[in-house]
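Input: a single structure, listed below in structure tokens.
2 protein chains.
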Amino acid sequence: MQEIIKDLVLKNNTKIFLIVLDGLGGLPIEGRTELETARTPNLDALARASATGLHMPVSYGITPGSGPGHLGIFGYDPLRWQIGRGVLEALGLGVELRNTDVAVRCNYATVQEGLIKDRRAGRIATEKGRRLTERLQKEISRIDEAEIIFTHGMEYRFAVVFRFPEPLDEGSAEVNDTDPQKTGKPPLRPVPSNHQSERVARIAEKLVERAKEILKDEDAANFILLRGIAQVPSIPAFEEVFGLKALAIAIYPMYRGLARLIGMDTPPVNGDIREEIEFMRDNLQDYDFFFVHVKKVDSYGEDGDFEGKAGKIEEFDAFLPDIRGLNPDVLIITGDHSTPSVMKSHSWHPVPLLIHSPYVLGGLSQAFTERECLKGELGILPAVNIIPLALANSGRLKKFGA
Amino acid sequence: MQEIIKDLVLKNNTKIFLIVLDGLGGLPIEGRTELETARTPNLDALARASATGLHMPVSYGITPGSGPGHLGIFGYDPLRWQIGRGVLEALGLGVELRNTDVAVRCNYATVQEGLIKDRRAGRIATEKGRRLTERLQKEISRIDEAEIIFTHGMEYRFAVVFRFPEPLDEGSAEVNDTDPQKTGKPPLRPVPSNHQSERVARIAEKLVERAKEILKDEDAANFILLRGIAQVPSIPAFEEVFGLKALAIAIYPMYRGLARLIGMDTPPVNGDIREEIEFMRDNLQDYDFFFVHVKKVDSYGEDGDFEGKAGKIEEFDAFLPDIRGLNPDVLIITGDHSTPSVMKSHSWHPVPLLIHSPYVLGGLSQAFTERECLKGELGILPAVNIIPLALANSGRLKKFGA
């Protein structure tokens, strides 16, 4: 479908806003969901004047991680473009990944007489871990043809990037984890699962050996374990496919990182919803498309804090007039997946969606809730269709066929 | 999609019930469908507390036979896995097919001077037919490398299985019918349509020749015609794909046979709904998944007996408290296809569906009917998604992607 869209794309001066309330969808407690509980007069009024529905992030019954959740709403089939754990971890730590990179999630561990004694090196403090990671970076900057880039995370965790001179063939990072997931066992060797992945496995093996040598005098953190070795996928750029110059506005690095994978501009932003809107206002003239990510809705859901999630939605509602005041031609409000507070986790449930533009029926949903959106003109639709609808509603798609 | 699901499957101790009211969906007479006419207080209450919708067995406008109808709700794409007529006939006669088998639907016929005089051998009585079939079995137990297994049906009809020592290549049963569908013509020769099907064609030809010799002194049934020559498909097992140990509870052999094709356990059960529920109760500890098939809803529909169909639905409704009393974690009630009494046949209409679990919105359908299910949170969805939803609702699917 992307190929078809690409051929139909037109340019104009319209502005499209995609506001993502992370983990938006919910389930009822005593009959009402978080959205049904929150007082959201602005969202409800907008829903009444918008095309409404629910989007399916991946497929029926499939609970998406943040990677597939965002790729879908950015217009990319999440079954076609899979993002490995190492890549997501590195993005979350703010690493600016390139399509020549392989990313790895790492742990410090304690190994004695060849056996793993502690898979987390006694949960060493973040400060201690950071000093060790800086030392590794100082001693190891290159292995074979790859530049090696270390980035510390929390406690015993860090990420490593192998940066190659050129993009690797598909399958080049198919190398097993070295963490056997149990103590009392020896660490595993990184073994290539095919011919293409031999280079990455060799570098991983050398990395483990050199780190072992450097860390040999440490009591706890005397070894490193590698997990989720993954290649940065060569995804076609958002602007190339959809003709939209795009700005991602997100407080958390992981979401900026996901946007950067498809070539959106992703300057860092601090603060919360207010600061995100100000940032959008300041950059309004320079972009066609604005992705704004509101994280805390999901965080409260993950914590099982039903009231907190409803409260965060109310807080967003209060800012909605400011957003509408920027006069977007197309305003889309949705989530990347559902996070029902009762489940304390992401879920498979479809996600409320509204698209506001001059070209909608409207009048079908009385409020912006799961159940009211079911009555809407968009029905339940795969998430990848949201961007084509945004293009259509902004007059950016030619007729298909004569 | 099955490949994705397979990688995400978790095991736990939940119980999933899939209750299939065969031919459930209907069309109105004087404004009300069978479901809208039947008094079903228990189903209606359950629908109000469940995720509701309608499933599309195959595709818009496509009326499914029993094979594709069931494969879809078992989570297998019915366009990918096709079940030949000979296989379905043999399953209906209770033959325990293996993946090394080719099954054929056969008729006794009358041939005079090389031309077919009667394609049904004067509709000989079942008793007579059975004696002839027993004689054929006694005289013919093997042709070339295949064991030959005869099973008599009604009147002039029977099934033959060619059981090979090993599974055959795809396309090995692509051999034409020998029935020209008209009297006054000679029977056709079984001709292979490709290289792989030469073995089966040769055996079919020898079978016809030998049967002709054995039956040469019969007045009416002096020949056999072969139709629907079909290979048993090598479908991946339900437990392998979905991680569910499954018990099929069905009175009619064909439905047990369909379940057996995907490796469900299929002990024979006698009686009706009451006995099926008792059987489920007795086996509750030994399985994860229970497929219960209620046939008569369809039978009344096929007979054009609107009141009878509504009555059978009411009868099922009265047993619903017993089913819920078994405390399934996920309870699914639907049909394999629609059978509107006004059409006296299967139809293409989507089929009412409810999924009851703790993780639903609910409150959208006021009753379990075609029109009320349209208001539900599941929308109209392809049938193959029902099992993934059952897995999600029972906590048996990991998150997809990081």
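In the order they appear, the protein sequences are chains R and S.
The first sequence begins at 155 in the working numbering and counts up one residue at a time.
The second sequence begins at 155 in the working numbering and counts up one residue at a time.
The beta-carbon is built from N, C-alpha and C at its ideal position, and this holds for glycine as well.
Asked                                                                                                                                             : Found
Contact residues within the stretch 486-509 of chain R, judged by C-beta distance below 9 Å to chain S                                            : 494, 496, 497, 499, 500, 501, 502, 503 and 504
Test: residue 166 of chain S CB closer than 8 Å to a CB of chain R                                                                                : no
Assigned exposure category for residue 311 of chain S - 16 Cβ within 10 Å defines buried                                                          : buried
N-terminal and C-terminal residue of the beta strand (DSSP E) that residue 306 of chain S is part of                                              : 300-306
Spatial neighbours of residue 514 of chain S in its chain, beta-carbon cut-off 8 Å, leaving aside the 5 residues before and after                 : 203, 204, 205, 531 and 547
8 Å Cβ cutoff, residue 290 of chain S in contact with chain R                                                                                     : no
Test: residue 551 of chain S CB closer than 8 Å to a CB of chain R                                                                                : yes
Integer-rounded CB distance, given that residue 467 of chain R should sit under 8 Å from residue 486 of chain R                                   : Contact doesn't hold; Cβ gap of about 16 Å is too wide.
Under the three-state DSSP convention, the category residue 159 of chain S falls into                                                             : helix
Bounding residues of the alpha helix (DSSP H) (the contiguous stretch that carries residue 506 of chain R)                                        : No alpha helix (DSSP H) contains residue 506 of chain R, which is instead part of the beta strand (DSSP E) from 505-510.
Length of the line joining the Cα atoms of residue 476 of chain S and residue 196 of chain S                                                      : 11 Å
Alpha-carbon to alpha-carbon, residue 158 of chain R and residue 552 of chain R                                                                   : 11 Å
C-beta contact flag for residue 386 of chain R and residue 257 of chain R at 8 Å                                                                  : yes
For residue 354 of chain R and residue 279 of chain R, the rounded distance between their alpha carbons                                           : 30 Å
Neighbourhood of residue 109 of chain S by C-beta distance below 6 Å, restricted to the same chain and skipping five residues each side           : Nothing can be reported for residue 109 of chain S, as the shown portion of chain S is limited to 155 through 556.
Cβ-based contacts, 9 Å cut-off: residues of the stretch 223-237 of chain R near chain S                                                           : 223, 225, 232, 233, 236 and 237
Residues in the stretch 531-548 of chain S having any Cβ partner in chain R nearer than 7 Å                                                       : 531, 533, 535, 539, 542, 543, 545 and 546
Residue-chain proximity (residue 194 of chain R, chain S), Cβ-Cβ < 8 Å                                                                            : no
Nearest residue (CA-CA) to residue 411 of chain S, options S:244, S:160 and S:162                                                                 : S:244
Residue range of the alpha helix (DSSP H) that includes residue 547 of chain S                                                                    : 540-547
Presumed contact (8 Å Cβ cut-off) between residue 455 of chain R and residue 494 of chain R, rounded CB distance                                  : 7 Å
Buried/exposed call for residue 369 of chain R, threshold 16 Cβ in 10 Å                                                                           : buried
Counted within 10 angstroms of its Cβ, other Cβ atoms place residue 408 of chain S as buried (16 or more) or exposed                              : buried
C-alpha gap between residue 156 of chain R and residue 496 of chain S, whole angstroms                                                            : 44 Å
Contacts around residue 254 of chain S, its chain only, beta-carbon distance under 8 Å, and the 5 residues preceding and following it disregarded : 317, 318, 319, 320, 321, 322 and 386
Residue 383 of chain S versus residue 161 of chain R - alpha carbon distance                                                                      : 47 Å
Those residues which DSSP pairs with residue 385 of chain R across a bridge                                                                       : R:256
8 Å Cβ shell around residue 469 of chain R - same chain, five flanking residues per side excluded                                                 : 427
Residue range of the unbroken alpha helix (DSSP H) whose run includes residue 465 of chain R                                                      : 460-478
Residue 365 of chain R burial status per 10 Å Cβ neighbour count (16 or more: buried)                                                             : buried
Meets three-Cβ-pair contact criterion under 8 Å: the stretch 230-238 of chain R and the stretch 177-192 of chain R                                : no
Cβ neighbours of residue 522 of chain R in the same chain (closer than 8 Å, five flanking residues each side left out)                            : 189, 194, 197, 198, 200, 201, 206, 487, 506 and 508
Outcome for residue 230 of chain S when other beta-carbon atoms lying within 10 angstroms are tallied against a minimum of 16                     : buried
Runs of beta strand (DSSP E) wholly within the stretch 161-249 of chain S (minimum 3 residues, chain order)                                       : 170-175 and 205-210
Neighbourhood of residue 221 of chain R by C-beta distance below 6 Å, restricted to the same chain and skipping five residues each side           : 237 and 242
Contact with chain R by residue 396 of chain S, beta-carbon distance below 8 Å                                                                    : no
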